[in-house]
Each structure stands twice: as structure tokens, then as C-alpha cells.
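Chains as they are written, first to last, in the working numbering: chain A, 1 to 81; chain B, 82 to 162; chain C, 163 to 309; chain D, 310 to 456.
Reading through the C-alpha cells given below for one structure.
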Amino acid sequence: MRVRLLYFAVLRDITGKSEEVIELPEGTRAAEIWNRLRGKHDQLAGYERPPMTAINETYVSPDQPLRDGDEVAFIPPVAGG
Amino acid sequence: MRVRLLYFAVLRDITGKSEEVIELPEGTRAAEIWNRLRGKHDQLAGYERPPMTAINETYVSPDQPLRDGDEVAFIPPVAGG
Amino acid sequence: MFSVLSVVINSMSYLTDAPIDSQELVKRVMRPSDGACVVFEGVVRDHHEGKKVESIFYDAYRPMAEKEIQRIIDDINIRFPQVAAAVVHRLGKLKVGEASIVIACASPHRGEAFEVCRAIIDRFKQTVPIWKKERGPGGEEWVGWQK
Amino acid sequence: MFSVLSVVINSMSYLTDAPIDSQELVKRVMRPSDGACVVFEGVVRDHHEGKKVESIFYDAYRPMAEKEIQRIIDDINIRFPQVAAAVVHRLGKLKVGEASIVIACASPHRGEAFEVCRAIIDRFKQTVPIWKKERGPGGEEWVGWQK
């Protein structure tokens, strides 16, 4: 399956991109994608648990299995207002 | 002694004036002036205790003795804001 | 013997006979260190205790009202030194939708700005010698005075 | 397969790239039956946790932020049906003194207007996917992210 990953704020700075489409085995969870990111980027190594996770613009558990076509965003600590 | 009485809002409507200077025995209290007003104006008859009382633009007890030159105002229920 | 006319010496008065410019009040209180501004506007509404209201006439014991408002501001300045507050109350005849009072409170953080804005309007309504006469289809009435 | 571009269908968006007109927000919420309007302005201040701040860059997950704000407004409408609330958050680079968010709440009585205004900003800061990068003499930093 394919999911679209969106990167915002500090995560955009760290990954150097605002989004990418990745190929994953059926049923992969957002938490597993987070672990891949941690492996790639030293600045994330200390963050064992992902920040808040959104699938298709809604907050969900990072352990929810993903489906083909999902849009996944890890939400760093928000600071609006 | 002489004191100046100020009438505001409903009291101005009832007395038909906004102020007057009256001659009183030394040591008269605002509460006594209130009683005189009640005697004169039927609409005030039911109000045994005066409303809040101000002497020289400061809230005081209506039982405080007045002094020559004082400016006395009975303050009907306030409704600012 | 009697003060001829009580004049507000400060150039800044808390009372006005003209429409209130709330933006001007916000500008007056905001400092570069402020992260929050809370503004309260009291507005003439079209009803009161089940009766229709068309306009309100606000009357005041002006010099005493100025002093009472100053007292409220002074107390706030002591209790909340980090908050800057401004207050203006309008007098005269106001139509539905017009602001009778505007209070602006600026502070580095929002908590005190909310708290102070609420405290000022609550206390204002208890002690400041201002009165209102409501006019509606049924005639006029001074609010708060039981006939 | 993927939504091409998330477009806010409503003509009314909760996000803007331009300075916020708080007077326009007040006008939008006020009804003739309202006696109170409480406005909260969040403003860029010149300091944060002891550091000097010169400007802030606000970023957002725009379509999700719009939805989250709508969710906050919907909840408020259910809990406080008598209150009318409007919210606008600005994005992009803001200087000290500029408003990042304005919330206007109108109600027949002041109690709920204060309560709702406070509830909206408190919840906004917890869930709406908006981020800020502070710029000061020491460089730039995403607020809330521990390095």
C-alpha cells in the first residue's frame, strides 16, 4: 500500500521535505513509520514514542493500522494561539 | 450649616431637580435628610433606609454627621457597565 | 464653599459622550512585553427581563464616577502589577448594538488579562455611580429601582 | 487516491495570512440580543522564557487546523447555544505587537462570553496543529520542541 507522509514545523526542518509518498506492507502502523524516521534522523533518536499522530486530518492512536491512500502526519507539540 | 444635595437618575425625576442647597442644624445626618425627602415624595415613602450615600463624592454611612459645605448625594441602585 | 464645577484634571477621562473606539483602547494598553489582550464590551441589547428595549439613557454622578473607576484601576494595579488596564464608559442616549463600556486588559500572559477584565466589570457594576433609563414600547424606566 | 489539494469550501476560513481585523470579527458575532462581547487577542511579545523575541513564524497543517477549530466551535455551540463565537488565526511571519489570534464571543450576558472566550483559547492551544518558530538575537527555534 502507499501512504502520504506530511512533515510540518520541526519535522520539515529535520527531514528536509514537506511530504513524501511511501510504499509499505499492508497494516503498517504510524508508530512503525516513526521508528523508521528515528533510524534516519539523529535528532529524532531520543523520541521513542511518536508525537501526536493524525491520519487523514484526524488525531488517532499511532498504533492504528494504516490503509492504502492514508495521509499521515506526525504533529510536533502545537504552539498556536 | 448649609449642604448641597445632588439628585441623580430616578431621584432627579422624583424631586424634579438636580440639586439644591439646604439649611440644616449642625450635626444632621444624611439619613435624616432622606427622611425629609420621604415625607415630601410619596414615591419614596416605602424606602425607610436611604440608598447608598455619598458625601463629597465618597461612599459613607448615612449615619455620619454632616458638616457645613458638604455635598450629599443619595445613590440609587447603580446600573453602569 | 462649594466646589464650583468638578473638572477632571487628567487629560484621560473614564467617561465619554461619544461612541467608544475600542481599538484605541487596545493600543493604549499594549506594551511590547504583552502576549495577551482581553477586551470586554458592554452593549445595549434589545431586551431586559422579558421587555423589549429600544434605547438606553446613561446618567452619571460624573466626578464621583471618575473617582470610583480610578479606585478600581488603582486596586487592580496593586493586585496585578503586570496588567495594563483601560476603561471607558459612555453616557447619554445609546441605541441597541452600541457599546456602553469598553475595558481593555493587556498582560504578558492571558490568565491575568482574563481575570482582571472580569474583575473590573464585576466591580464596576457594583459601585460606580452610573444609572440607566431603558426606553421601550412600554415607556421608560430607571433600571434597578423598584416602584 | 490522494486528495489533490485540501480546499476550504466555506467562504469563511479560520486561518489567514493577513493582519486580523478584530472589529470585523466583533461585527460578525454581535446580534441585537447580545449585551456582552469578550475579545481575546493573542499577540507576539518581545520575550519567551527569558529570551528576546523579534518575530515569530507561524506554520500550520492548514486543512486539519481548519477542522480542529471547527470542532472546537461546534462543541462550544452545543455547550453554550446562546454564545456566538468567531476565531481567526494568522499564519506566516509576525512582528512583536501583531495579533496571531483573535477570538470574539458575544452573548446576552457577560458570564458565558468570558467563559467561552477562555475555553476556546485554552483548547486551541492544546489541539490545533499550528506551530511557531521564534526568531531572536540567538537564532531560530520551534517552540515546544526539546532538542
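No residue lacks a Cβ here, since even glycine has one placed at the ideal position from N, Cα and C.
What you are looking at is a predicted structure, and each value in this text was computed from that prediction instead of being measured.
- For residue 440/D, the beta-bridge partners assigned by DSSP are 368/D.
- At least 8 Å separates the CB of residue 237/C from every CB of chain D.
- Of all residues in the stretch 271 to 300 of chain C, those with a C-beta nearer than 8 Å to a C-beta of chain B are 283, 286, 287, 288, 289, 290, 291, 292, 293, 294 and 295, reading in chain order.
- Taking 8 Å as the cut-off, the beta carbon of residue 89/B is found closer than this to the beta carbon of residue 293/C.
- DSSP places residue 40/A inside the alpha helix (DSSP H), whose first and last residues are 30 to 40.
- For the stretch 187 to 204 of chain C, residues whose beta-carbon sits nearer than 8 Å to a beta-carbon of chain B comprise 204.
- Within the same chain, 133, 134 and 156 come within 8 Å of residue 140/B by CB-CB distance, once the 5 residues on both sides are set aside.
- Three or more Cβ pairs closer than 8 Å define a contact, and the stretch 239 to 248 of chain C falls short of that threshold against the stretch 373 to 386 of chain D.
- Along the stretch 379 to 412 of chain D, the positions whose C-beta sits under 8 Å from a C-beta of chain A are 398, 409 and 410, read in chain order.
- Taking 4 residues as the minimum length, the alpha helix (DSSP H) runs contained wholly in the stretch 318 to 405 of chain D are 331 to 338 and 371 to 388, in order along the chain.
- In this structure, residue 434/D places its C-beta atom within 8 Å of the C-beta atom of residue 80/A.
- Identification of chain A residues near residue 372/D by a Cβ-Cβ cut-off of 9 Å yields 57, ordered along the chain.
- Contact between the stretch 347 to 355 of chain D and the stretch 398 to 417 of chain D is established, with three or more Cβ pairs separated by less than 8 Å.
- The residue from 56/A, 11/A and 63/A with its alpha-carbon nearest to that of residue 453/D is 11/A.
- Note on geometry: alpha-carbon atoms of residue 109/B and residue 137/B lie some 15 Å from one another.
- Of all alpha-carbon atoms in 403/D, 401/D and 429/D, the one lying nearest the alpha-carbon of residue 272/C is that of 429/D.
- In this chain, the alpha helix (DSSP H) harbouring residue 11/A covers 9 to 15.
- C-alpha of residue 325/D to C-alpha of residue 426/D: approximately 20 Å in a straight line.
- Taking residue 63/A as the centre and dropping the five residues before and after it, the same chain places the C-beta of 29, 30 and 31 closer than 8 Å to its C-beta, in chain order.
- Using a Cβ-Cβ cut-off of 7 Å, residue 214/C is close to nothing in chain B; its nearest Cβ partner there is about 18 Å away.
- Less than 8 Å separates the beta-carbon of residue 208/C from that of residue 214/C.
- In summary, residue 344/D is buried, with 16 or more beta-carbon neighbours lying within 10 Å of its beta-carbon over all protein chains present.
- For residue 208/C, no CB of chain B lies under 8 Å from its own CB, so it is not counted at the interface with that chain.
- Straight across, the Cα-Cα distance linking residue 129/B with residue 191/C is about 45 Å.
- Within chain C, the residues whose beta carbon sits less than 7 Å from that of residue 91/B are 304 and 307, listed in sequence order.
- The three-state secondary structure of residue 127/B, taken from DSSP, is coil.
- Taking a beta-carbon distance threshold of 8 Å, residue 221/C counts as an interface residue toward chain B.
- By the beta-carbon neighbour count (other beta carbons within 10 angstroms, threshold 16), residue 106/B is exposed.
- Beta-bridge partners assigned by DSSP to residue 153/B: 86/B and 136/B.
- Taking 3 residues as the minimum length, the beta strand (DSSP E) runs contained wholly in the stretch 254 to 287 of chain C are 254 to 257 and 261 to 269, in order along the chain.
- Residues of chain D whose Cβ lies closer than 8 Å to the Cβ of residue 78/A are, in chain order, 434, 435, 436, 437, 438, 439, 440 and 453.
- Using beta-carbon distances, residue 16/A does not count as an interface residue toward chain D, since no partner is under 8 Å.
- Look at residue 304/C here: in three-state DSSP terms it is strand.
- Of the other Cβ atoms in all chains shown, 16 or more fall within 10 Å of the Cβ of residue 70/A; this residue is therefore buried.
- In the DSSP assignment, residue 78/A falls outside any beta strand (DSSP E), carrying neither H nor E.
- Within the DSSP bridge table, the entry for residue 65/A names 29/A as partners.
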